[in-house]
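Presented below is the structure to which this report refers.
Numbering (the working numbering), first residue to last: 20 to 118.
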């Protein structure tokens with residue numbers, strides 16, 4: 020996996036603006052799911068990935084690009100994470116309903 024996608028720790032991704040140039044932008048927090056480590060690994064392989072800590076709680080932001088590989092990553096990630104609490108999906112400048 021490429022390591023040049025990671026932004027500096029605590030650097031933020033603006034999900035609204037980034038969602039205009041990315042296929043999907045997903046913001047999520049830690050889950051108790053047994054699949055969390057796998058989903059996090061998938062997210063880290065995407066076009067852009069950032070980890071932000073606010074009041075001791077870590078929030079992850081991932082931008083999946085419009086290429087075939089990132090589209091496949093987005094599908095794989097959502098297969099694991101779409102039902103988790105705290106997942107926000109942005110597309111074309113809008114927050115989409117996960118349900």
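In this text, a Cβ means the ideal position worked out from N, Cα and C, and glycines have one as well.
Checklist entry - Under the DSSP definition of a beta bridge, which residues are partnered with residue 70? => result Residue 70 is bridged to 79.
Item to check | Opposing strand residues paired with residue 115 [DSSP bridges] | outcome: In DSSP, residue 115 forms a bridge with 108.
Checklist entry - When the Cα atoms are used, what is the spatial distance from residue 110 to residue 101? => result Going by C-alpha positions, residue 110 is about 15 Å away from residue 101.
Next on the checklist: Short of 7 Å in beta carbon distance, which residues of its chain neighbour residue 54, apart from the five on each side in sequence? Order them along the chain.
Outcome noted: Taking residue 54 as the centre and dropping the five residues before and after it, the same chain places the C-beta of 99 closer than 7 Å to its C-beta, in chain order.
Next on the checklist: Which residue marks the beginning of the alpha helix (DSSP H) containing residue 61, and which one marks its end?
Outcome noted: 55–63 is the span of the alpha helix (DSSP H), which, as asked, contains residue 61.
Item to check | Unbroken beta strand (DSSP E) run spanning residue 48, endpoints | outcome: Unbroken beta strand (DSSP E) run through residue 48: 43–48.
Next on the checklist: Let me confirm a value: residue 89 is counted as buried when at least 16 other C-beta atoms fall within 10 Å, else exposed. Which label applies?
Outcome noted: Residue 89 comes out buried.
Item to check | Member of 72, 74, 49 and 116 whose CA lies at the smallest distance from the CA of residue 62 | outcome: Out of 72, 74, 49 and 116, 49 has the C-alpha closest to the C-alpha of residue 62.
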